[in-house]
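**Student:**
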Amino acid sequence: MSDTKEKDILRGGQFLVKETKCEDVFTLEDLNEEQKMMRESSKEFVDRELWAHWERFEQKDYAYTEECMKKAGELGLLSIAVPEAYGGMGMGFVSTMLVCDYISGATGSFSTAFGAHTGIGTMPITLYGTEEQKQKYVPKLATGEWFGAYCLTEPGAGSDANSGKTKAVLSEDGKYYSISGQKMWISNAGFCNLFIVFARIEDDKNITGFIVENDPENGISLGDEEKKLGIHSSSTRQVFFNETKVPVENMLSERGNGFKIAMNALNVGRIKLAAACLEAQRRVIGEATKYANERIQFKTPIINFGAIKAKIADMATNAYVDEAACYRAAKNIEDRIAIREASGNSHQEAELKGVEEYAIECSILKVAVSEHVQHTTDEGIQIFGGMGFSADTPMESAWRDARIARIYEGTNEINRMLSVGMLVKKAMKGHVDLLGPATAVGEELMGIPSFDTPDFSELFSEEKDLVARLKKVFLMIAGSAVQKFGPDLEKHQMLLMAASDILIQVYMAESAILRTEKNAKRFGEDSQKAQIAMSKLYLYRAVDIIQQKGKEAIVSFAEGDEQRMMLMGLKRFTKYTNQPNVVDLRTQIADKVAADNGYTFD
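Heads up: the sequence shown begins at 1 in full-length UniProt numbering, then just goes up one per residue.
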């Protein structure tokens with residue numbers, strides 16, 4: 001990690017106001033040999049145990065999900081993120097993302113079980129537990145001897161997680177708490193050994209976390225398996241606690257710290273959920289491409305039709321961009337953790353603060369990638385036609401499994417508002433200078449624009465200039481909105497949603513361009529033709545979205561001269577000097593994917 005101190009790592013949200021050099025982003029092409037081996041072993045496990053038996057997961061074979069989890073534990077795949085001191089591999093954040101990515105592509109049932117156990121089922125103890133708690137529980141969780149679950153949601157407490165009614169009452173002798181309440185949508189409930197439970201003590205403002213062993217003799221009972229649209233073999237049940245006795249030493253962290261634990265767990269969960277949607281996209285693209293290469297209509301494979309090529313190109317572009325953004329953020333987090341450890345923070349504190357630093361990016365990724373995987377599976381069904389609608393092909397189950405990703409880890413609506421809200425709060429704390437750049441944009445709008453024709457001969461010079469101007473769109477709108485509404489901005493949800501879509505598109509488009517620029521410099525432009533086309537295509541689509549959302553925001557809160565000035569700015573900031581040939585870009589991408597018979601950019 002010697003290079004970590006040398007380069008100036010952007011803080012969370014600073015991508016909006018500071019330039020990022022392509023040399024400073026991490027890409028999948030930067031994986032070391034150990035990481036490549038981990039990727040291959042994850043893929044081998046998935047092909048052998050999951051993909052080859054995908055029908056079993058559709059038939060609600062909960063026992064098979066548990067069996068596969070045990071096998072994953074035996075292979076060490078549940079212990080990647082667990083420190084070595086507690087029986088884990090203690091790998092860096094990028095490696096934990098990598099395993100989460102490649103192990104999650106075959107079925108949402110297993111990826112949900114895996115994510116719930118390794119993330120919210122284990123991580124709260126490794127990050128917030130006492131030494132005694134970690135020694136007692138984490139080694140069992142790391143090997144798969146025990147499985148974990150996370151009890152936060154209640155019938156009346158979903159997005160408003162801190163409003164839970166579950167109670168924890170201290171016994172008269174002060175030795176244990178009695179927990180009573182109802183939790184719902186609890187992943188892994190049917191086979192877990194341990195729950196992370198959130199309950200309220202007396203009338204505390206915030207909930208408190210507890211480690212609760214799953215003992216039916218101790219007032220714990222389960223509802224039936226939920227009947228769900230997708231993730232059929234993910235065990236999802238209600239959990240009822242009736243005066244369940246929990247020793248006081250099993251309180252997690254401090255009294256009233258549960259909401260903070262829950263929110264920080266969700267930050268990690270969001271970026272890991274984005275990673276878990278990547279391999280699903282790759283596999284769907286692979287299956288759709290093979291089918292399109294083999295399916296003959298009008299005496300030619302359907303892959304040769306422009307309507308199909310457009311779908312394949314858009315699917316591949318989304319997957320490529322998502323990879324770029326996910327691994328860019330993962331390495332930022334890993335580097336931030338390393339810097340904190342080097343300055344004397346414990347691993348626990350360093351990881352907590354490292355992830356928290358990039359909470360904005362985690363929310364952006366959660367939204368963007370979950371929506372892309374839904375689009376990809378939908379188009380996968382369309383390419384398969386009638387066969388895609390049949391449960392005899394995996395497209396139908398992939399589409400159903402993808403749907404939950406927009407609800408997990410905070411709905412996409414909540415995450416959209418969070419991304420902008422957190423950015424504004426960071427600005428108010430002085431962690432990200434939004435005011436200065438926003439003021440500069442306002443002054444620029446009042447000035448006379450340059451009519452010089454810039455030199456865009458270098459690769460991505462026009463695209464990078466355009467991304468810089470797209471950032472100005474966000475600063476223009478967010479700056480004016482903060483001035484107008486101040487602290488009440490959070491009440492204007494539709495405006496926040498529009499601003500968030502601009503923020504998301506900026507981060508995703510820039511990430512793809514930086515990934516491709518880095519690889520073109522080291523591997524040569526000729527080796528990156530399809531990747532260059534994907535980066536340009538995504539940016540073109542991003543500009544369309546930003547024009548639409550920007551106009552929606554401006555006409556909704558600005559009036560008169562201010563509105564006219566901002567609309568003029570929107571037009572100036574989103575203008576291409578040289579419009580790309582979109583049909584040509586899509587054809588280049590689709591032809592490469594068709595020739596490779598699948599997605600090969602990872």
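The C-beta atom is built at its ideal place from N, Cα and C for all residues, glycine as well.
#1: If you reduce the DSSP assignment to three classes, tell me which class His410 lands in.
#2: According to DSSP, is Ser511 part of a helix, a strand, or is it coil?
#3: Just to confirm my understanding: we take Gln348, look at its own chain, exclude 5 residues before and 5 after, and list those with CB closer than 6 Å. What are they?
#4: Could you please give me the residues that DSSP links to Arg237 through a beta bridge?
#5: Going by other Cβ atoms of all chains shown within 10 Å of its Cβ, with 16 needed for buried, is Ser390 buried or exposed?
#6: Would you call Ser233 buried or exposed, if buried means 16 or more other Cβ atoms sit within 10 Å of its Cβ?
#7: Quick one, which of Glu213, Ile211, Gly190 has its alpha-carbon nearest Glu226's?
#8: Identify every residue that forms a DSSP beta bridge with Met251.
#9: What separation, rounded to the nearest whole angstrom, lies between the Cα atoms of Asp160 and Trp146?
#10: Helix, strand or coil: how does DSSP classify Lys5 here?
#11: For Leu16, which of Gln35, Thr587, Val467, Phe557 has the nearest alpha-carbon?
#12: At what residues does the beta strand (DSSP E) containing Cys68 begin and finish?
#13: Do you know offhand how far Lys331's Cα is from Asn242's?
#14: Mapping the DSSP letters down to three states, classify Val197 as helix, strand or coil.
#15: Does the beta-carbon of Gly385 have 16 or more other beta-carbons within 10 angstroms, so that it is buried, or is it exposed?
#16: Please tell me whether Ser42 and Ile103 are closer than 7 Å, where the distance is taken between their beta carbons.
#17: Give me the Cβ distance between Ile589 and Met534, rounded to the nearest whole Å; I'm assuming they're in contact under 8 Å.
#18: Work out the CA separation of Ile186 and Ala402 for me, nearest whole Å.
#19: Under a three-way DSSP split, which group does Thr393 fall into?
#20: Sorted by chain position, which residues of the same chain lie with C-beta nearer than 6 Å to Ala288's C-beta, five sequence neighbours on each side aside?
#21: Put Ser163 into one of helix, strand or coil per three-state DSSP.
#22: Taking the alpha helix (DSSP H) that Tyr320 belongs to, which residues open and close that run?
#23: Can you tell me whether Asp322 is buried or exposed? The criterion is at least 16 other CB atoms within 10 Å of its CB, across all chains shown.
#24: According to the Cβ coordinates, are Arg270 and Lys426 closer than 7 Å?
#25: Answer yes or no: do residue 604 and Gly88 have a C-beta to C-beta separation smaller than 7 Å?
#26: Determine the extent of the beta strand (DSSP E) in which Ala149 is found, giving its start and end residues.
#27: When the Cα atoms are used, what is the spatial distance from Met1 to Glu396?
#28: Following a CB-centred definition, is Met97 positioned closer than 6 Å to any heavy atom of the ligand HEM?
#29: With H, G and I counted as helix, E and B as strand and the rest as coil, what does DSSP make of Ile296?
#30: Which whole-angstrom value describes the C-beta separation of Cys22 and Leu514, a residue pair presumed to lie in contact below a C-beta threshold of 8 Å?
#31: Taking the beta carbon of residue 619 as the centre, do at least 16 other beta carbons fall within 10 Å, making it buried, or is it exposed?
#32: Taking Leu222 as part of the beta strand (DSSP E), name the residues at either end of that continuous run.
#33: Which value, in whole angstroms, describes the spacing of the CA atoms of Glu58 and Ala262?
#34: Using a threshold of 7 Å, state whether the C-beta atoms of Ala149 and Gly105 are closer than that.
#35: List the whole-angstrom C-beta distance separating Gln238 from Met184, where the pair is believed to meet the contact cut-off of C-beta under 8 Å.
#36: Using three-state DSSP, classify Glu154 as helix, strand or coil.
**Tutor:** On the basis of the coordinates in this document:
#1: For the purposes of this step, residue 410 is taken as the residue at position 410 of the sequence shown. According to the sequence provided, residue 410 is Gly. The question's His does not apply to it. In the three-state reduction of the DSSP assignment, Gly410 falls in the coil class, being assigned neither a helical nor a strand state.
#2: To locate residue 511, count along the sequence shown from 1; it is residue 511. It is helical.
#3: On the sequence shown, residue 348 is found 348 positions in, with the first residue counted as 1. For Gln348, same chain residues with a beta-carbon under 6 Å away, outside a window of 5 residues either side, are Leu127 in chain order.
#4: By 1-based counting over the sequence shown, the position of residue 237 is 237. Ile186, per the DSSP bridge assignment.
#5: The residue labelled residue 390 in the question sits at position 390 within the sequence shown. With fewer than 16 Cβ atoms within 10 Å of its Cβ, Ser390 is classed as exposed.
#6: As a working note, residue 233 is residue 233 in the sequence shown. By the Cβ neighbour-count rule, Ser233 is buried, with 16 or more other Cβ atoms within 10 Å of its own.
#7: By 1-based counting over the sequence shown, the position of residue 226 is 226. The shortest Cα separation from Glu226 among Glu213, Ile211, Gly190 belongs to Gly190.
#8: Position 251 of the sequence shown, counted from the start, is the residue given in the question as residue 251. In DSSP, Met251 forms a bridge with Phe210.
#9: What you label residue 160 is simply residue 160 of the sequence shown in a count that begins at 1. What you label residue 146 is simply residue 146 of the sequence shown in a count that begins at 1. Taking C-alpha positions only, Asp160 is separated from Trp146 by approximately 30 Å.
#10: As a first step, residue 5 is located in the sequence shown; it is residue number 5 there, counting from the start. Only weak support is given to the placement of Lys5: the predicted model assigns it a pLDDT of 47, under 50, and the value that follows is read from those uncertain coordinates. Residue state, collapsed to three classes: helix.
#11: Residue 16 sits at position 16 when you count from the first residue of the sequence shown. A check of alpha carbon separations from Leu16 across Gln35, Thr587, Val467, Phe557 identifies Val467 as the nearest.
#12: Looking up residue 68 in the sequence shown gives position 68. It is not in any beta strand (DSSP E) - Cys68 instead sits in the alpha helix (DSSP H) that spans 62–74.
#13: The residue labelled residue 331 in the question sits at position 331 within the sequence shown. The residue labelled residue 242 in the question sits at position 242 within the sequence shown. Using only the alpha carbons, I get a separation of about 44 Å.
#14: For the purposes of this step, residue 197 is identified with residue 197 of the sequence shown, where counting begins at 1. Val197 falls in the strand class under three-state DSSP.
#15: Taking the first residue of the sequence shown as 1, we reach residue 385 at position 385. So Gly385 counts as exposed.
#16: Position 42 of the sequence shown holds residue 42. Position 103 of the sequence shown holds residue 103. Contact annotation: Ser42 and Ile103 have beta-carbon atoms nearer than 7 Å.
#17: If you number the sequence shown from 1, residue 589 lands on position 589. If you number the sequence shown from 1, residue 534 lands on position 534. Between Ile589 and Met534 the beta-carbon gap is near 6 Å, inside 8 Å, which marks them as a contact.
#18: The count along the sequence shown starts at 1 and reaches residue 402 at position 402. The count along the sequence shown starts at 1 and reaches residue 186 at position 186. C-alpha separation (whole angstroms): 18 Å.
#19: Your numbering for residue 393 matches position 393 in the sequence shown. Note: Thr393 maps to coil in three-state DSSP.
#20: The residue given as residue 288 occupies position 288 in the sequence shown. Contacts found: Gly380, Ile383.
#21: Start at 1 with the first residue of the sequence shown, and residue 163 comes out as number 163. Three-state result, Ser163: helix.
#22: Walking along the sequence shown from the start, residue 320 turns up at place 320. Counting along the chain, the alpha helix (DSSP H) containing Tyr320 begins and ends at 306–342.
#23: In the sequence shown, residue 322 corresponds to position 322, counting from 1. Asp322 should be labelled buried.
#24: Along the sequence shown, one-based indexing puts residue 270 at 270. Along the sequence shown, one-based indexing puts residue 426 at 426. Their beta carbons are not under 7 Å apart, which means Arg270 does not touch Lys426 by this criterion.
#25: A question about residue 604 goes unanswered here, because the residues of the chain that appear run from 1 up to 602.
#26: If you number the sequence shown from 1, residue 149 lands on position 149. Note, Ala149: beta strand (DSSP E), 148–151.
#27: Position 1 of the sequence shown, counted from the start, is the residue given in the question as residue 1. Position 396 of the sequence shown, counted from the start, is the residue given in the question as residue 396. Because the pLDDT of Met1 is 41, which lies under 50, any placement of that residue in the model is unreliable, and the question is left without a value.
#28: Only the bare structure without any ligand can be found here, which leaves the ligand HEM out of the picture.
#29: Within the sequence shown, numbered from 1, the residue matching residue 296 stands at position 296. The answer is strand: DSSP assigns Ile296 an E or B state.
#30: As a first step, residue 22 must be located in the sequence shown, where it is residue number 22. As a first step, residue 514 must be located in the sequence shown, where it is residue number 514. Contact annotation, Cys22 with Leu514: C-beta distance approximately 5 Å; criterion of less than 8 Å satisfied.
#31: In the structure displayed, the chain extends from 1 to 602; residue 619 sits before or after that span and is not available.
#32: For the purposes of this step, residue 222 is taken as the residue at position 222 of the sequence shown. Element bounds for Leu222: 220–222.
#33: Residue 58 sits at position 58 when you count from the first residue of the sequence shown. Residue 262 sits at position 262 when you count from the first residue of the sequence shown. Linking Glu58 to Ala262 through their CA atoms gives a straight-line distance of about 31 Å.
#34: Taking the sequence shown and counting its residues from 1, the one referred to as residue 149 is at position 149. Taking the sequence shown and counting its residues from 1, the one referred to as residue 105 is at position 105. Contact: no.
#35: The count along the sequence shown starts at 1 and reaches residue 238 at position 238. The count along the sequence shown starts at 1 and reaches residue 184 at position 184. Contact holds; Cβ gap of about 5 Å.
#36: Indexing the sequence shown from 1 puts residue 154 at position 154. For Glu154, the secondary structure class from DSSP, reduced to helix, strand or coil, is strand.
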